[in-house]
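One structure below.
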Amino acid sequence: MSRETPPPALTDTTTDHAADRAAIERVVADTEKAYNTNDPELLTEHFAQDATVVNAMGVLLSGRDTLLESNRAGLAGFLRDQYVRYDLLDVVFVRPDVALAHKGARATDATGELIDLDHAMIALYVLVKQDGRWWVAARQNTLVPAEG
1 MSRETPPPAL TDTTTDHAAD RAAIERVVAD TEKAYNTNDP ELLTEHFAQD ATVVNAMGVL
61 LSGRDTLLES NRAGLAGFLR DQYVRYDLLD VVFVRPDVAL AHKGARATDA TGELIDLDHA
121 MIALYVLVKQ DGRWWVAARQ NTLVPAEG
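If you count the sequence shown from 1, position 131 lands on 131 in the UniProt record's numbering, and the numbers rise without skipping.
Rendered as structure tokens:
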């Protein structure tokens, strides 16, 4: 590629994605509900069979069965009394059937009252639409450093 050729914009602007965005919002809402109710099956529900995840500890998990096992252990253990609020920050449709979504996470207490005023973590989701349903193909969690 020559320097005169600008890089392409990859955002799909040819499709109305309102229903797709709503479906991705449901994925994020289900994830929040699963985390707050210690439901590992719901937490894993939207992941493809061959999904990969890098969790907040930087551990790479491959495959839905591995992810479910990790979710079971975490929600029964150190995450059992943890609560969160997730915000869908952005969704970009790279193709009509591929989306990149950013989710912000803030800790709450058991009643949903915010503990973190700012997002303590941001997750990048790669979602693929297959047979009319959105599946998480990959998720990458990144902790946001506290100010000061």
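Think of the CB as a built atom: it goes at the ideal place given N, C-alpha and C, for glycine as much as any other residue. On a predicted model such as this, the values are computed, not experimentally measured, just so you know.
Same chain, Cβ closer than 6 Å to residue i, five either side skipped, listed in chain order
i           : result
residue 138 : 52, 126
residue 44  : 67, 68, 71
residue 17  : 93
Three-state class that DSSP yields for residue i in the structure shown
i           : result
residue 89  : strand
residue 42  : helix
residue 68  : helix
residue 112 : coil
Residue i versus the options, residue with shortest Cα-Cα distance
i           : options           : result
residue 110 : 99, 122, 79, 41   : 79
residue 98  : 147, 132, 31      : 132
residue 102 : 86, 64, 114       : 86
residue 10  : 112, 123, 135, 94 : 94
residue 130 : 4, 116, 46, 42    : 46
residue 63  : 90, 50, 88        : 50
With 16 other Cβ atoms within 10 Å as the buried cut-off, status of residue i
i           : result
residue 175 : Within the shown structure, residues of the chain are numbered from 1 to 148, placing residue 175 beyond reach of any answer.
residue 58  : exposed
residue 20  : buried
residue 123 : buried
residue 60  : exposed
Cβ-based neighbour list, residue i, same chain, cut-off 8 Å, excluding 5 preceding and 5 following
i          : result
residue 39 : 33, 75
residue 84 : 32, 35, 36, 105, 106, 107, 108
Near the ligand NAD: residue i beta-carbon under 7 Å from a heavy atom
i          : result
residue 23 : Questions concerning the ligand NAD fall outside what the structure shown contains, since it holds no ligand whatsoever.
Supposed contact pair residue j and residue i - C-beta distance, whole angstroms, cut 8 Å
i          : j           : result
residue 27 : residue 144 : The pair is not a contact, with the Cβ atoms about 21 Å apart (cut-off 8 Å).
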